[in-house]
Each structure stands twice: as structure tokens, then as C-alpha cells.
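Report on one structure; see the data block that follows.
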Amino acid sequence: MNRWVFLLGWGLVLRAAIAAWLPPGFDEAYYFAYSLNPRLSYFDHPPLVAFTTGLGPWLTGEVSQFTIRLGTLLLYTASLYLLYLTSQKLFSNKVATLTLAIATVIPFFQVGFGVLTLPDTPLLFFWSASLYLAVNEFFAHSAIYRPSYRLVGLGLLLGLTCLGKYHGFILGLGLVAFCLTSSNHRSALKSPWTALAVVLFLSALTPVWLWNIQHDWVSFRFQATRAIPEAAYNPERLLGTFLVGIGCLFPTFGFPLWWVSLRTAFWRIVPSGFAKKNHNYSAHQSLIQQKQSLILWVSLPLILGFTLLGGYRPVLPSWHMPGFWGATLLLGAWVAQVQEKTPQRVHYWLWGSGVSIVLLFTVVLLHVNTGLLQKDGDQALLGGWVPVQSDASIQLTDIQQLRQGFAQSPQFSAELAKADFVFTNRFFLSGYVAMALAPLFTKPITCFDVDPRGFAYWSQAQQWLGKSALYVTSELYEGNLESLSRYQDYFAAMTHLGRITIRRGGADIQVFNIYRCEQQLRPYPWPYGATANLNS
């Protein structure tokens with residue numbers, strides 16, 4: 078069996094196990110709500126995440142943490158294969174295999190790109206497909222580059238990348254910058270093929286344009302505000318962003334990725350004058366540098382840009398990880414050189430890192446599901462160390478237990494049957510409740526909160542007037558009395574029906590309260606959407 082086949086298969090099995098065992102995250106539950114509300118685009122993201130999240134439930138008829146991640150498992154495997162082919166085209170089979178091994182082991186790539194259903198999944202797939210086609214376009218067999226029809230396909234793929242996540246625009250700018258700075262490839266910008274590529278790029282973005290035109294460009298405005306500095310520049314926050322990124326990549330890969338990226342960028346600048354003076358500077362070396370430039374232009378802007386932004390405001394690790402995905406090509410090439418001199422060193426590095434990461438995943442999954450480290454848990458290791466009240470993992474909701482709580486209560490079932498709609502006080506709680514209720518009842522689900530996200534566009538606030546609802550909330554998010562006070566003036570009466578308790582390791586880790594809300598008297602005001610700024 079070829080090594081690349083083994084690596085793809087081994088990685089898929091490991092990710093499938095994580096997908097089946099890890100409870101859904103906040104965003105994943107929310108994106109399941111996307112799939113229940115098909116639209117051209119969405120308030121906070123382009124549309125493709127709705128497809129990747131809904132694919133598994135549509136195919137299997139079941140809603141679970143595994144099925145909503147089925148699209149991710151398949152697409153990420155394809156992304157890994159495209160990365161392998163790209164490295165093979167740029168360098169060699171040996172480098173490609175090492176690149177694939179590195180990308181297969183890096184923990185954030187495995188989980189953030191390869192397990193969780195996030196906008197990063199379609200982004201990375203079309204990012205990888207775009208990069209592979211760009212390499213085939215810019216580095217064909219001829220030493221002199223001539224623009225070809227592949228540019229048209231590249232324009233389409235870039236558009237689809239942007240339909241995954243708006244990071245795709247940065248990839249497109251990186252490819253343009255590469256052509257501008259490479260005298261051999263500058264002709265691509267003047268080609269008629271490029272003009273057609275731009276047309277296809279803009280055409281692919283039609284769903285996003287249309288939706289935003291209809292909704293006052295709110296999606297672009299929302300994402301733009303996330304790049305606005307929140308405070309004065311803070312070097313400590315910058316350091317924190319850097320270290321969090323290293324941790325997500327795992328230190329044995331994070332530091333080498335930074336080192337090889339900056340080292341390659343430095344040596345791309347130095348030889349520019351050196352090459353003209355050195356008669357031994359070969360065409361092969363020039364070609365290698367051009368390939369490195371392409372990788373740097375599609376990687377470093379993301380890596381440096383979002384890391385530096387971390388000095389101004391909190392930055393999610395996923396924002397700059399596609400840049401490290403591209404930099405993995407450089408790391409694979411460098412590791413191949415090291416392997417020629419000290420193969421055992423590379424062997425121990427890869428296997429040691431891989432085994433450590435798998436053990437870490439095992440401990441985390443055991444804790445999240447059984448309370449392995451939970452203090453005084455009945456399945457805790459050595460009595461446990463983490464008190465339940467300070468354990469962030471309890472926020473991941475076990476939707477199976479929540480579903481059973483509704484299904485096993487005749488009262489809740491009867492109330493659900495009578496209710497016109499269901500609402501919660503957090504947009505991600507609405508996603509969790511939607512997942513739990515999916516096989517039981519088909520009821521409209523919304524969110525009454527100052528931050529309703531897409532729910533503000535999936536219904537009209539006035540449509541619930543005079544109707545009854547079931548209010549579901551978790552005690553982790555607002556005390557019950559405070560939560561009730563927010564809604565009592567909007568309904569004729571609110572009655573507490575009971576609780577559903579989520580347990581782990583013998584302890585209650587989350588409590589959901591269920592309320593009957595009779596006759597909505599006036600619409601709940603949302604800060605945006607078609608019903609924004611309603612008088613309260």
C-alpha cells in the first residue's frame with residue numbers, strides 16, 4: 078500500500094472516531110440551524126457551511142454530532158489529497174508524503190479543519206483546489222510561462238473559496254501579488270483568460286452579492302467590524318495570540334512552521350541582487366524560488382496579518398490557520414532535506430509528535446464524555462482535579478441526553494405539540510435545541526437576544542404575535558430569574574414546566590429549564606434584521 082493511501086485512511090479513521098465521540102460545539106450547533114434555513118447567504122458567513130453541515134443529516138436521516146460532521150470528514154480528506162498532489166507537483170513524491178504526514182498529525186488541522194463542521198471546511202477544500210490548479214498553471218513543463226485556460230478554472234475556484242469563508246479574498250489577492258512580483262508570471266494579469274476568470278469569480282459570488290444587496294450589506298459590515306481594533310496595541314496580547322497559535326499547531330510543528338516561513342521569506346529577499354552577480358545561480362534555483370514565492374504569498378499574509386491583529390483584539394485560531402496550511406508545503410520540503418542527513422531524527426519527531434497528540438486527544442475525549450479529570454467524578458482518574466463549576470468542557474451539550482429528556486417526559490411532549498414555536502436566549506442554544514428536537518418535533522426555533530445572529534433573518538418578529546411558545550434555557554447562561562425578567566412583559570403568562578439535567582461522571586453538569594409562554598403580546602426587538610429597532 079502506498080504511504081499516502083495509508084496516511085489518508087489512518088487520518089480518516091481517527092477523525093471519524095473524534096467526530097462520533099466529541100459533543101457538538103457552539104458554532105456547529107448554530108450551523109445546523111443554517112441547514113434548517115436554506116438561504117443564498119447568511120448574516121455571519123457565506124452559504125457553503127450550511128451544505129456541509131446538512132449533508133450528513135440529509136443522507137442518513139439522522140441528526141447527531143457525527144452526521145453533521147460527515148461533510149467535513151469527506152471534504153478534509155479530499156483537501157489532504159490535494160495538498161499531497163500540490164507538494165508532489167512542486168517538489169517530489171518524498172516531499173509530498175512528508176507534507177501529508179505533517180498535515181495529518183497537526184492537531185488543529187485534524188480537528189478544526191477535519192472534524193468540526195465550520196466554514197473553514199469548504200474554505201480549505203476550495204483553497205487547496207485553487208492552489209493545486211495555480212501550481213499546474215504557473216509551473217508547467219515550459220520554463221517560460223504562458224497563460225492558459227486554467228486561469229478560468231482558477232477564477233471559479235477562488236469564487237467558491239469565498240463562498241466557504243471570506244478568507245478566500247485574501248487567497249485571490251495573494252495570487253495577484255505573486256504574479257505582480259514574478260517577472261515570469263506577470264503576463265497572467267494581462268491575459269484574456271484572466272478577464273474571463275474575473276467574470277467567473279464574480280459570478281460564483283452571486284449568492285453572496287444578492288443576499289447582501291437585499292440586506293443592506295450586513296454580512297460584509299459584520300465581518301469588517303471584527304477587524305477593527307478594540308483597544309490600544311498590547312504586546313502581551315500579541316504574544317498570547319502567537320502562543321495560542323503554537324499550541325493549536327502543537328509546539329513541535331508550530332515553531333518549525335514559523336521558522337521555515339520566515340527563513341524562506343528572508344532568503345527570497347536576499348538573493349534578488351545576489352543572483353545577478355553569481356554566474357553559478359542556476360535556472361533550477363530560480364524555479365525553486367518562484368515556487369517558494371507562490372507559497373509565501375498565499376500563506377504569510379494570513380499568518381502575519383491575523384497574528385499582528387491579535388495585539389489589538391482577540392483573534393480566533395482558525396483565522397490564520399489556512400496560512401499555516403500553505404506553509405506546511407515549505408515545512409515538508411525542509412524536512413525532506415533534514416531526512417537525507419538524519420533520517421532517525423525525522424522519524425522520532427513525526428512518531429513522537431503523533432503518539433503524543435493521539436494520547437492528548439484520548440484524554441480530552443475521555444474527560445469530555447466521562448469526566449476523567451472531573452473532581453469527585455465516579456469515573457475520575459485518582460479522584461480528579463477539575464471542579465465541575467470551573468470546567469469549561471461542560472458547556473458542550475450532550476444533545477442525546479437533552480433529546481431523551483424531551484422524549485421521556487409526557488408533559489414536555491404534550492407542550493411541544495401545542496406550542497407554535499420554540500425560543501432560547503442564546504443563538505447557539507437554539508442550535509442545540511434544534512438538534513435535540515429534530516427527530517421528535519418539527520417546530521420553528523428562534524432566538525430572543527441582543528445577539529440573535531442569523532435568527533433575525535429567518536423569521537419576522539411580528540409573526541409570533543398572539544402565539545404560544547416553549548422557552549428553553551440553560552442555567553449556565555443567565556440565572557433563571559434574570560432570564561425570566563427579560564421576557565415576562567412580552568407574554569401574557571410564563572409557567573415553569575420542569576428541568577432536563579445533563580449528567581457526566583455522576584454529577585449534574587448542566588440544567589435546562591423549560592417554560593410555557595402563552596400569547597406573545599408584542600414582538601421582541603432585534604438589533605438587526607428586517608425587524609430591527611422595533612419599539613419595545
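Residue 78 is where the sequence shown starts when you use the working numbering, and the numbers rise one by one after that. Yeah, the Cβ is synthetic: ideal placement off N, Cα and C, and Gly gets one too.
{"query": "Is it buried or exposed for Gln597, if we count other Cβ within 10 angstroms and need 16 for buried?", "result": "buried"}
{"query": "Using only alpha-carbon positions, find the residue among Gln539, Tyr534 and Phe500 that is nearest to Ile522.", "result": "Phe500"}
{"query": "Just to confirm my understanding: we take Ala515, look at its own chain, exclude 5 residues before and 5 after, and list those with CB closer than 7 Å. What are they?", "result": "Val140"}
{"query": "Return the chain-ordered list of same chain residues with a C-beta closer than 7 Å to the C-beta of Val445, the five sequence neighbours on each side being excluded.", "result": "Leu99, Pro100, Ser470 and Leu473"}
{"query": "Is the beta carbon of Ala491 closer than 8 Å to that of Phe120?", "result": "no"}
{"query": "Would you mind working out which of Leu282, Arg599, Val423 and Ala308 sits nearest Phe297, comparing C-alpha positions?", "result": "Leu282"}
{"query": "At what residues does the beta strand (DSSP E) containing Arg580 begin and finish?", "result": "Phe568 to Arg581"}
{"query": "With burial defined as no fewer than 16 other Cβ atoms inside 10 Å of the residue's Cβ, what is the status of Gly251: buried or exposed?", "result": "buried"}
{"query": "If you draw a straight line from the alpha carbon of Gln142 to that of Thr405, how long is it in whole angstroms?", "result": "29 Å"}
{"query": "Take Trp374 as the anchor and find which of Phe330, Ala254 and Phe525 has the nearest alpha-carbon.", "result": "Ala254"}
{"query": "Have a look at the DSSP bridge pairing and note the partners of Arg593.", "result": "Leu547 and Thr572"}
{"query": "Out of curiosity, what's the CA-to-CA distance linking Phe319 and Pro333?", "result": "13 Å"}
{"query": "Excluding five sequence neighbours on each side, which residues of the same chain lie with their C-beta closer than 8 Å to the C-beta of Ala221?", "result": "Sequence check: residue 221 is Ile here, not Ala. The residues are Asn261."}
{"query": "For Leu385 versus Leu315, is the C-beta spacing smaller than 8 Å?", "result": "yes"}
{"query": "Buried or exposed, going by whether 16 or more other CB atoms sit within 10 Å of the CB of Glu417?", "result": "exposed"}
{"query": "Among the residues of its own chain, which have a CB less than 7 Å from the CB of Lys242, if the five just before and after it don't count?", "result": "His122, Pro123, Pro196, Asp197 and Leu200"}
{"query": "What did DSSP end up calling Ala404 once you bin it into helix, strand or coil?", "result": "helix"}
{"query": "In terms of DSSP beta bridges, what is Gln165 paired with?", "result": "DSSP output for Gln165 lists no bridge partner at all."}
{"query": "What is the DSSP secondary structure of Leu450, reduced to helix, strand or coil?", "result": "coil"}
{"query": "Check whether the Cβ atoms of Ile577 and Gly482 sit closer than 8 Å, and answer yes or no.", "result": "yes"}
{"query": "Please name the residue in Phe83, His292 and Trp87 whose C-alpha comes closest to that of Val435.", "result": "Trp87"}
{"query": "For Gln539, which option in Trp603, Gln477, Trp426 and Arg563 has the closest C-alpha, if you only look at C-alpha atoms?", "result": "Trp603"}
{"query": "Spell out the partners DSSP gives Cys524 in its beta bridges.", "result": "Thr501"}
{"query": "Got a sec? Which residues, its chain only, sit under 7 Å from Ser259 by beta carbon, not counting five neighbours each side?", "result": "Gln367 and Ser370"}
{"query": "Considering just the uninterrupted stretch of the alpha helix (DSSP H) at Leu108, what are its terminal residues?", "result": "Contrary to the premise, residue 108 reads as Tyr rather than Leu in this sequence. Phe103 to Leu113 is the extent of the alpha helix (DSSP H) around Tyr108."}
{"query": "Cα separation between Thr572 and Trp541?", "result": "18 Å"}
{"query": "Short of 7 Å in beta carbon distance, which residues of its chain neighbour Leu177, apart from the five on each side in sequence? Order them along the chain.", "result": "Trp81, Leu84, Leu157, Leu160 and Tyr161"}
{"query": "Is DSSP giving Ala94 helix, strand or coil here?", "result": "helix"}
{"query": "Which value, in whole angstroms, describes the spacing of the CA atoms of Asn289 and Trp402?", "result": "30 Å"}
{"query": "Is the CB of Pro284 under 8 Å away from at least one CB in chain C?", "result": "Given the protein chain composition of this structure (a single chain), no chain C is represented."}
{"query": "By the 10 Å Cβ neighbour count, where 16 or more other Cβ atoms means buried, how is Gly191 classified, buried or exposed?", "result": "buried"}
{"query": "Tell me where the alpha helix (DSSP H) around Asn289 begins and ends.", "result": "Thr283 to Gln291"}
{"query": "Taking all protein chains shown into account, decide if Thr302 is buried (16 or more other Cβ within 10 angstroms of its Cβ) or exposed.", "result": "exposed"}
{"query": "Mapping the DSSP letters down to three states, classify Gln485 as helix, strand or coil.", "result": "coil"}
{"query": "Does DSSP put Ile65 in a helix, a strand or coil?", "result": "The structure shown does not extend to residue 65, since the chain is modelled only from 78 through 613, so no value can be given for it."}
{"query": "Can Gly236 and Phe278 be called in contact, C-beta distance under 8 Å?", "result": "yes"}
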